[in-house]
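Engineer:
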Amino acid sequence: MEKTPKWVDVALIPFLNLLIAFVISGIVVLLIGEDPIKAIKVMVSGALGSPYGWGYTLYYATNFIFTGLAVAVAYHASQFNIGGEGQATLGGLGVALVCLALPWPHWSVALVAAMIGGALFGAAWAAIPAWLQAKRGSHIVITTIMFNFIGASLLNYMLVNVLRPRGAMDPATARFARETYLPTFHDLPVIGQFFSKSVPANISFFIALLACWLVWILIWRTKLGFEIRAYGRSESAARYAGISPVKVIMVAMLISGGLAGLMAINNVMGQGHRLVLNSVEGAGFIGIAVALMGRNHPVGVFLAAILFGFLYQGGGELALETTIPRELITVIQALVILFTGAFDNMLRAPIESFFVARANARKEA
Amino acid sequence: MDFGTIVEILDSAVRLGTPLLLACLAGLFSERAGIFDIGLEGKMLMAAFFSGAVAAVTGSAWLGLLAGVGGSMSLAMVHGLASITFRGNQLISGVAVNFLASGFTVLIAQSWFQQGGRTPQLSGHARFEPITLPGASAVKDVPVIGPLYSNLISGHTILVYVAFAMVPLTWWVLFRTRFGLRLRAVGENPESVDTAGVSVIRLRYTAVAITGVLAGLAGTYLATGLAAGFVKEMTAGRGYIALAALIFAKWRPVPALGATMLFGLLEAISNRYPNIDLGVVTLPIQFMQAVPYILTVVILAGFIGKAIPPRAGGQPYVKER
Numbered sequence: 001m002e003k004t005p006k007w008v009d010v011a012l013i014p015f016l017n018l019l020i021a022f023v024i025s026g027i028v029v030l031l032i033g034e035d036p037i038k039a040i041k042v043m044v045s046g047a048l049g050s051p052y053g054w055g056y057t058l059y060y061a062t063n064f065i066f067t068g069l070a071v072a073v074a075y076h077a078s079q080f081n082i083g084g085e086g087q088a089t090l091g092g093l094g095v096a097l098v099c100l101a102l103p104w105p106h107w108s109v110a111l112v113a114a115m116i117g118g119a120l121f122g123a124a125w126a127a128i129p130a131w132l133q134a135k136r137g138s139h140i141v142i143t144t145i146m147f148n149f150i151g152a153s154l155l156n157y158m159l160v161n162v163l164r165p166r167g168a169m170d171p172a173t174a175r176f177a178r179e180t181y182l183p184t185f186h187d188l189p190v191i192g193q194f195f196s197k198s199v200p201a202n203i204s205f206f207i208a209l210l211a212c213w214l215v216w217i218l219i220w221r222t223k224l225g226f227e228i229r230a231y232g233r234s235e236s237a238a239r240y241a242g243i244s245p246v247k248v249i250m251v252a253m254l255i256s257g258g259l260a261g262l263m264a265i266n267n268v269m270g271q272g273h274r275l276v277l278n279s280v281e282g283a284g285f286i287g288i289a290v291a292l293m294g295r296n297h298p299v300g301v302f303l304a305a306i307l308f309g310f311l312y313q314g315g316g317e318l319a320l321e322t323t324i325p326r327e328l329i330t331v332i333q334a335l336v337i338l339f340t341g342a343f344d345n346m347l348r349a350p351i352e353s354f355f356v357a358r359a360n361a362r363k364e365a
Numbered sequence: 001m002d003f004g005t006i007v008e009i010l011d012s013a014v015r016l017g018t019p020l021l022l023a024c025l026a027g028l029f030s031e032r033a034g035i036f037d038i039g040l041e042g043k044m045l046m047a048a049f050f051s052g053a054v055a056a057v058t059g060s061a062w063l064g065l066l067a068g069v070g071g072s073m074s075l076a077m078v079h080g081l082a083s084i085t086f087r088g089n090q091l092i093s094g095v096a097v098n099f100l101a102s103g104f105t106v107l108i109a110q111s112w113f114q115q116g117g118r119t120p121q122l123s124g125h126a127r128f129e130p131i132t133l134p135g136a137s138a139v140k141d142v143p144v145i146g147p148l149y150s151n152l153i154s155g156h157t158i159l160v161y162v163a164f165a166m167v168p169l170t171w172w173v174l175f176r177t178r179f180g181l182r183l184r185a186v187g188e189n190p191e192s193v194d195t196a197g198v199s200v201i202r203l204r205y206t207a208v209a210i211t212g213v214l215a216g217l218a219g220t221y222l223a224t225g226l227a228a229g230f231v232k233e234m235t236a237g238r239g240y241i242a243l244a245a246l247i248f249a250k251w252r253p254v255p256a257l258g259a260t261m262l263f264g265l266l267e268a269i270s271n272r273y274p275n276i277d278l279g280v281v282t283l284p285i286q287f288m289q290a291v292p293y294i295l296t297v298v299i300l301a302g303f304i305g306k307a308i309p310p311r312a313g314g315q316p317y318v319k320e321r
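Chains as they are written, first to last, in UniProt numbering: chain G, 1 to 365; chain W, 1 to 321.
1. Is there a C-beta anywhere in chain W that falls below 8 Å from the one on residue 256 of chain G?
2. Under 8 Å, Cβ to Cβ, is there at least one residue of chain W near residue 341 of chain G?
3. Whose Cβ in chain W lies nearer than 7 Å to the Cβ of residue 85 of chain G?
4. Would you please verify whether the beta carbon of residue 290 of chain W is less than 8 Å from any beta carbon of chain G?
5. For residue 93 of chain W, which residues from the same chain have a beta carbon less than 6 Å from its beta carbon, with the 5 sequence-adjacent residues on both sides left out?
6. Ignore the nearest five residues each way along the sequence and tell me which others in residue 83 of chain G's own chain have a CB closer than 6 Å to its CB.
7. Is the shortest distance between the beta-carbon of residue 120 of chain W and the beta-carbons of chain G less than 8 Å?
8. Between residue 180 of chain W and residue 90 of chain G, what straight-line distance do the alpha-carbon atoms span, to the nearest angstrom?
9. Tell me which residues share the same chain as residue 254 of chain G and place their Cβ nearer than 7 Å to its Cβ, disregarding the 5 neighbours each side in the sequence.
10. How would you call residue 197 of chain W, buried or exposed, if buried means at least 16 neighbouring beta carbons within 10 angstroms?
11. Could you name the residues of chain W that residue 330 of chain G contacts, counting a contact when the two beta carbons are closer than 7 Å?
12. List in chain order: all unbroken alpha helix (DSSP H) runs of 4+ residues lying wholly within the segment 217 to 303 of chain W.
13. So, does the CB of residue 240 of chain W fall closer than 8 Å to a CB anywhere in chain G?
14. Going along chain W in order, which residues have a C-beta closer than 8 Å to the C-beta of residue 33 of chain G?
15. Using a Cβ cut-off of 8 Å, pull out every chain W residue sitting near residue 274 of chain G, in sequence order please.
16. Note down, in chain order, each residue of its chain lying with its Cβ closer than 8 Å to the Cβ of residue 275 of chain W, except the 5 sequence neighbours on either side.
17. Count the other CB atoms within 10 Å of the CB of residue 106 of chain G; is the residue buried (16 or more) or exposed (fewer)?
18. Shortest alpha-carbon distance to residue 17 of chain W belongs to which of W/289, W/313, W/259?
19. Using a Cβ cut-off of 9 Å, which residues of the segment 67 to 98 of chain W contact any Cβ in chain G, in chain order?
20. With 9 Å as the limit, tell me which residues of the segment 306 to 322 of chain G have their beta carbon closer than that to any beta carbon of chain W; keep them in chain order.
21. Assess, as a yes-or-no matter, whether the segment 37 to 46 of chain W is touched by the segment 233 to 247 of chain W under the definition of 3 or more beta carbon pairs within less than 8 Å.
22. What is the rounded straight-line gap between the Cα of residue 58 of chain G and the Cα of residue 81 of chain G?
23. For residue 132 of chain G, decide whether its Cβ has a neighbour in chain W, counting only Cβ atoms nearer than 8 Å.
24. Please check the pair residue 260 of chain G and residue 66 of chain G, which I expect to be a contact at CB under 8 Å, by giving their CB distance rounded to whole angstroms.
25. Does the count of Cβ pairs from the segment 336 to 356 of chain G and the segment 286 to 295 of chain G closer than 8 Å reach three?
26. Grouping DSSP H, G and I as helix and E and B as strand, with all else coil, what is residue 60 of chain G?
27. Residue 147 of chain G lies in the alpha helix (DSSP H); which residues open and close that run?
28. Indicate whether at least one CB of chain W lies closer than 8 Å to the CB of residue 227 of chain G.
29. Helix, strand or coil: which one does DSSP assign to residue 208 of chain G?
30. Once the 5 residues before and after residue 52 of chain G are set aside, which same chain residues still bring their CB inside 6 Å of it?
31. Can you find a CB in chain G that lies within less than 8 Å of the CB of residue 222 of chain W?
32. Going by beta carbon distance, what residues of the same chain come within less than 6 Å of residue 298 of chain G, once the five residues before and after it are set aside?
33. At what residues does the alpha helix (DSSP H) containing residue 293 of chain G begin and finish?
34. Less than 8 Å separating the beta-carbons of residue 185 of chain W and residue 43 of chain W?
35. Between residue 26 of chain W and residue 127 of chain W, how many whole angstroms is the CB-CB distance? I'm expecting something under 8 Å.
36. Please compile the residues from chain W whose C-beta is within a distance smaller than 7 Å of the C-beta of residue 334 of chain G.
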């Protein structure tokens with residue numbers, strides 16, 4: 001049987017799906033009596049038109065790279081990790097504990113320790129659902145949803161009853177020491193001149209890029225990655241080849257949770273400088289959209305994360321400058337998930353049959 | 001704790017359990033037909049908004065109900081289209097439905113009412129009013145039975161009674177009618193249903209539509225019965241708790257009543273006593289809020305009886321060629 005060309009699969013279909021999502025979002029904007037063209041202009045200038053905008057776009061994108069990779073790695077093992085939100089929440093707890101534990105001499109030392117803390121806590125939060133799936137067959141989607149809620153409650157408890165400094169009113173940890181603050185893009189040599197002083201984008205972005213590369217190596221260049229993909233494609237074939245399902249599920253989910261937890265070096269250590277309630281702000285869920293759009297490939301995840309960073313920052317500006325609430329972004333996010341994920345076959349089936357028919361016709365001619 | 005307080009807490013448990021019960025039964029129909037539905041939250045939210053909005057504008061709770069069911073139904077059809085017609089991933093579709101509702105309701109609410117994503121406060125006939133059952137005031141002073149009847153059983157809105165009536169009705173439909181038999185079969189083994197000459201697609205769409213109606217009732221009750229109007233994100237995870245209850249009940253209607261009322265009771269208790277002092281340890285409110293989720297994980301883990309979902313759940317049906 002003829003296959004469709006690769007560019008159709010990785011570029012054309014995602015692009016068309018994205019286009020539909022945006023067109024429908026435009027119609028929604030029209031429905032609430034606003035001008036979609038103006039909305040796009042505000043978003044573009046707000047997210048890309050200034051060093052300030054760029055700085056925020058890249059800051060959000062950093063979060064989404066981590067959570068997108070988290071979903072993608074699990075997905076290769078055919079596990080739908082919907083618990084990125086909870087894992088990133090716990091990652092925040094890990095990072096905060098590390099930052100507050102010792103008088104760190106320099107940010108670089110603190111960063112290494114915080115990465116370990118964040119990843120460990122994130123992985124631990126994925127470990128129980130993973131173990132239950134691997135050993136007891138409990139559906140990972142449901143358990144990770146439940147763990148999102150349990151994680152939120154746990155963090156709430158920790159902030160209100162344990163970590164809140166004496167006398168403070170709001171549920172948050174103490175501010176971290178200055179030495180743990182990560183250098184922002186403004187502080188960096190060369191590129192620093194392009195970013196204003198207040199941008200939250202920080203060196204976590206480069207760690208996110210590194211994570212993309214490492215995930216690529218892991219999935220496509222190692223034996224473990226092969227086992228993960230083999231299991232993801234066909235459980236029975238993988239079993240027959242001697243691959244242990246328990247190992248694959250556990251390892252893939254631990255890496256996934258670890259990546260989601262790593263996000264906290266950006267939002268907690270890099271930007272917030274303390275841990276507050278809901279510091280994840282839905283980034284764990286956006287990771288689902290990012291991974292779907294990026295076809296679970298690190299390069300795709302990176303591009304999709306930049307796009308969602310743009311949407312997130314642009315959406316914030318939209319709420320400031322027009323009467324369109326920032327929830328428009330949630331609608332766009334939902335439509336992207338719907339069309340690139342659930343409605344994927346709507347376009348894929350006719351387009352693929354078109355290309356297959358064309359290829360067959362050529363062969364006969 | 002005197003008897004009056006217990007009745008009050010139980011009464012509050014019924015109120016808080018009702019939206020869970022309706023949503024749980026909604027999920028029951030869909031999942032029994034082999035369509036996983038993690039989009040209950042979104043459908044409820046959509047219904048809460050449209051019922052609140054239309055009730056606010058027209059001043060009629062009944063028109064609100066109609067709009068609420070319509071809103072929920074539109075998302076149910078999106079889910080049906082994705083999972084039945086396009087054979088997409090049902091979980092991804094559910095996630096999308098939840099976000100769609102979460103964003104859309106605030107967007108439209110802000111555009112229609114300019115009150116920061118809420119609808120105007122409902123009053124009078126725009127809300128479902130409590131129904132006083134016959135004789136409630138007469139027996140009020142009879143000890144034990146009096147408060148139980150007049151405070152706990154009487155004095156709820158029509159939707160509460162509908163929700164409770166839905167339990168035996170659901171049982172009867174599922175286990176005593178031909179439609180119910182086919183519905184269950186399509187969730188376990190769609191090939192057999194297809195072989196018998198019954199349309200899998202039609203059955204599944206019907207199930208998804210019933211889910212839409214029931215989730216619509218759940219959301220409508222939130223905005224026009226429990227509260228007085230729609231507020232942003234007012235479902236607050238109830239759709240997921242209903243999902244938890246569904247698993248807890250192992251996809252059966254009568255246990256669903258028990259599970260949802262238990263979760264309602266937990267919420268009622270934690271509303272009244274934020275921190276429970278057990279002498280040895282004090283249970284913080286955050287723990288009480290997490291209990292439904294923890295219980296669900298324990299049940300799913302199979303340590304207290306195994307919860308086995310319908311066998312064909314989550315898989316799109318592809319007819320053999």
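Yeah, the Cβ is synthetic: ideal placement off N, Cα and C, and Gly gets one too.
On a predicted model such as this, the values are computed, not experimentally measured, just so you know.
Structural biologist: From the atom records:
1. As a first step, residue 256 of chain G is located in the first sequence; it is residue number 256 there, counting from the start. Taking Cβ atoms only, chain W never reaches closer than 8 Å to residue 256 of chain G, which makes this a no.
2. Within the first sequence, residue 341 of chain G is the residue found at index 341, counting from 1. True, the Cβ-Cβ gap to chain W drops below 8 Å.
3. Residue mapping note: residue 85 of chain G aligns to position 85 of the first sequence, counting from 1. The premise fails here: residue 85 of chain G is roughly 11 Å from chain W at the closest Cβ pair, so nothing lies under 7 Å.
4. Locating residue 290 of chain W in the second sequence gives position 290, counting from the first residue. Taking a beta-carbon distance threshold of 8 Å, residue 290 of chain W counts as an interface residue toward chain G.
5. By 1-based counting over the second sequence, the position of residue 93 of chain W is 93. Contacts found: 79, 82, 83.
6. Numbered from its first residue, the first sequence carries residue 83 of chain G at position 83. Only residues of its own chain outside the window of five on either side were considered, and among them 144, 147, 148 have a CB closer than 6 Å to the CB of residue 83 of chain G, listed in chain order.
7. Sequence index remark: in the second sequence, residue 120 of chain W carries index 120 (1-based). With 8 Å as the cut-off, residue 120 of chain W does not count as an interface residue toward chain G.
8. Stepping through the second sequence from its first residue, residue 180 of chain W is reached at position 180. Stepping through the first sequence from its first residue, residue 90 of chain G is reached at position 90. Going by C-alpha positions, residue 180 of chain W is about 43 Å away from residue 90 of chain G.
9. One-based indexing of the first sequence puts residue 254 of chain G at position 254. If we look at residue 254 of chain G and ignore the five residues flanking it on each side, its Cβ neighbours are 123, 126, 127, 130.
10. Here the question's residue 197 of chain W lines up with position 197 in the second sequence. Under this definition residue 197 of chain W is an exposed residue.
11. The residue labelled residue 330 of chain G in the question sits at position 330 within the first sequence. Think of a sphere of 7 Å around the beta carbon of residue 330 of chain G: the chain W residues whose beta carbon falls inside it are 99, 102, 103, in chain order.
12. The alpha helix (DSSP H) runs of length 4 or more contained entirely in the segment 217 to 303 of chain W are, from start to end of the chain, 238 to 248, 253 to 272, 285 to 301.
13. Here residue 240 of chain W is taken as the residue at index 240 of the second sequence, counted from 1. Proximity of residue 240 of chain W to chain G, defined by a Cβ-Cβ separation below 8 Å, is satisfied.
14. The count along the first sequence starts at 1 and reaches residue 33 of chain G at position 33. 111, listed in chain order.
15. Here residue 274 of chain G refers to the residue found at position 274 of the first sequence. Those do not exist, as residue 274 of chain G stays about 20 Å from chain W at its closest Cβ, beyond 8 Å.
16. The sequence position of residue 275 of chain W within the second sequence is 275, counting from 1. So the qualifying residues of the chain are 282, 283, 284, 285.
17. The residue given as residue 106 of chain G occupies position 106 in the first sequence. Classification for residue 106 of chain G: exposed.
18. To locate residue 17 of chain W, count along the second sequence from 1; it is residue 17. For the residues W/289, W/313, W/259, the minimum Cα distance to residue 17 of chain W belongs to W/259.
19. Along the segment 67 to 98 of chain W, the positions whose C-beta sits under 9 Å from a C-beta of chain G are 78, 79, 81, 82, 83, 85, 86, 87, 88, 89, 90, 91, 92, 93, 94, 95, 96, 97, 98, read in chain order.
20. Listed in sequence order: no entries.
21. Contact between the segment 233 to 247 of chain W and the segment 37 to 46 of chain W is present, because at least three Cβ pairs lie under 8 Å.
22. Along the first sequence, read from residue 1 onward, the residue named residue 58 of chain G stands at position 58. Along the first sequence, read from residue 1 onward, the residue named residue 81 of chain G stands at position 81. Going from the Cα of residue 58 of chain G to the Cα of residue 81 of chain G covers about 24 Å.
23. Position 132 of the first sequence, counting from 1, holds the residue named residue 132 of chain G. For residue 132 of chain G, a Cβ of chain W is located within less than 8 Å of the residue's own Cβ.
24. As a first step, residue 260 of chain G must be located in the first sequence, where it is residue number 260. As a first step, residue 66 of chain G must be located in the first sequence, where it is residue number 66. So it is a contact: roughly 6 Å between Cβ atoms.
25. Segment contact: the segment 336 to 356 of chain G against the segment 286 to 295 of chain G, three or more CB-CB distances shorter than 8 Å; contact assigned.
26. The residue given as residue 60 of chain G occupies position 60 in the first sequence. Correct three-state label for residue 60 of chain G: helix.
27. By one-based count along the first sequence, residue 147 of chain G stands at place 147. Unbroken alpha helix (DSSP H) run through residue 147 of chain G: 140 to 157.
28. As a first step, residue 227 of chain G is located in the first sequence; it is residue number 227 there, counting from the start. Among the CB atoms of chain W, none fall inside 8 Å of the CB of residue 227 of chain G.
29. In the first sequence, the residue the question calls residue 208 of chain G occupies position 208. Taken through DSSP and simplified to helix, strand or coil, residue 208 of chain G comes out as helix.
30. As a first step, residue 52 of chain G must be located in the first sequence, where it is residue number 52. Counting only Cβ-Cβ distances below 6 Å, and skipping sequence neighbours, we find 196.
31. Within the second sequence, residue 222 of chain W is the residue found at index 222, counting from 1. Not closer than 8 Å to any Cβ of chain G, the Cβ of residue 222 of chain W fails to qualify, so no.
32. Against the first sequence, residue 298 of chain G aligns to sequence position 298. Excluding residues within five positions, the ones whose Cβ falls inside 6 Å are 212, 215, 216.
33. What you label residue 293 of chain G is simply residue 293 of the first sequence in a count that begins at 1. Element bounds for residue 293 of chain G: 283 to 293.
34. Stepping through the second sequence from its first residue, residue 185 of chain W is reached at position 185. Stepping through the second sequence from its first residue, residue 43 of chain W is reached at position 43. Not in contact: residue 185 of chain W and residue 43 of chain W (Cβ atoms no closer than 8 Å).
35. Within the second sequence, residue 26 of chain W is the residue found at index 26, counting from 1. Within the second sequence, residue 127 of chain W is the residue found at index 127, counting from 1. By a beta-carbon distance limit of 8 Å, residue 26 of chain W does not contact residue 127 of chain W. Their separation comes to about 22 Å.
36. The sequence position of residue 334 of chain G within the first sequence is 334, counting from 1. Neighbours of residue 334 of chain G on chain W, chain order: 96, 99, 100, 103.
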